[in-house]
Amino acid sequence: MKIRAHHLLCMQGFQGYGYSEDFSKNMAEVIEILQNFPEHEIEIVAETDSICTCCPYNINEKCQESQESIEHKVFGAGKNNVFAVQETKHSELRSDASKIEDLTDFRKFLSTPKSKILTANNKIIAMDLKVLKKLDISPGSIFEAGEIFKITNEKLKTYFDVKDICGDCRWSEKCLWYLKKCEVSTELISK
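According to this note's numbering, the sequence shown is numbered sequentially starting from 204.
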C-alpha cells in the first residue's frame, strides 16, 4: 500500500472530515486497516497514494484542486522584488492589483506559465518532501505501519516540529494530531 508522507500525519488526526463522502470513507478504511494490522507494509511516497484514489481533486494522478477555483494572489514586492504568493479565489485576484507597487512584475507574474507557478500538486509534493526530510527517510522507503507511525511521533513531537508542514492546512483546526502538538508546545512554553 502506498501512503504519501504527509498522510502519516493526517491519518492520526482524522475525524471524518474530507473533500467528499467517498474520500472520507476511503480514508477511514485505510486508517482502520493500518490500525488493525500494524505489521502491514506501506511504501512512503511523495505522489498520489491509496488515500488520494477517492479524492475528487485527483485527476490523472495529480492534485488539481487549484485548476478552476483558485488562482495565485500577489501581495506585493518585498526585498529584491520577491513577491509573496497565496492561493485565493479568482474573483479576489484582480481587486488587489492596485496594492502592487511594481505592476511590471505583477504582469510578468500573471503571464508566467502555469507549469512555473506553485500548483496545488506541487504544494502537496513539497509538503510530502518536508515530512520525508524531517523523518530522515527517502521516497519509496518501505515500513511496517506501526513502525513508521512510531518514528513519525518520535520525530514530530511539537507544534514547532510541524508548523511548516501543517500550519497552512485547511484541516488544522479539526486535526486532533495537530491540535495535540499545539497543546504539547503550549505546556512546554508555560513551564
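Glycine residues also receive a C-beta, built at the ideal position from the N, C-alpha and C atoms.
Cβ neighbour criterion (16 or more within 10 Å) applied to residue i
i, result
"HIS209", "buried"
"GLY221", "buried"
"ASN261", "buried"
"ILE345", "exposed"
"ASP367", "exposed"
"ASN263", "exposed"
"SER341", "exposed"
Neighbourhood of residue i by C-beta, 6 Å cutoff - its chain only, sequence neighbours within 5 removed
i, result
"GLY216", "CYS378, LEU379, TRP380, TYR381"
"CYS369", "SER375, TYR381"
"LYS319", "Residue placement at LYS319 is poorly supported in this model, since its pLDDT is 48, which falls under 50; the coordinates still yield a value, given next. For LYS319, where only same-chain residues beyond five positions count, there are no Cβ hits under 6 Å."
"LEU211", "THR355"
"CYS257", "ASP225, PHE226, ASN229"
"LYS205", "GLU246, VAL248, ASP252, SER253"
"PRO259", "TYR222, SER223"
Residue nearest to residue i in terms of C-alpha spacing, selected from the options
i, options, result
"LYS358", "LYS337, PHE346, GLY370", "LYS337"
"ALA249", "CYS266, MET230, TYR260", "CYS266"
"ARG207", "THR361, CYS385, LEU332", "LEU332"
"LYS384", "CYS258, MET204, CYS213", "CYS213"
"ASP339", "ALA231, ILE247, MET204, GLU232", "ILE247"
"THR251", "ILE328, ASN229, VAL334, LEU335", "ILE328"
"PHE363", "VAL233, ARG373, GLU386", "GLU386"
"SER223", "ILE254, ILE236, LYS360", "ILE254"
"ASP371", "VAL233, SER341, LYS326", "LYS326"
Same chain, Cβ closer than 8 Å to residue i, neighbours up to 5 away in sequence not counted
i, result
"GLY219", "SER227, ALA231"
"VAL233", "MET204, ILE206, MET214, SER253, ILE254"
Cut-off 7 Å between Cβ atoms - residues of its own chain near residue i, not counting five sequence neighbours on either side
i, result
"GLY397", "The structure shown has nothing for residue 397, since the chain only spans 204 to 394."
"ILE236", "HIS243"
"MET330", "HIS209, ILE368"
_At least 3 beta-carbon pairs within less than 8 Å: the stretch 236-247 vs the stretch 348-358_ = yes
*Which runs of the alpha helix (DSSP H) fall wholly inside the stretch 215-274 and span at least 4 residues, in chain order?*
224-239, 269-272
_Threshold first: 4 residues or longer. Then list the alpha helix (DSSP H) segments lying entirely within the stretch 328-390, N to C._
348-358, 362-369
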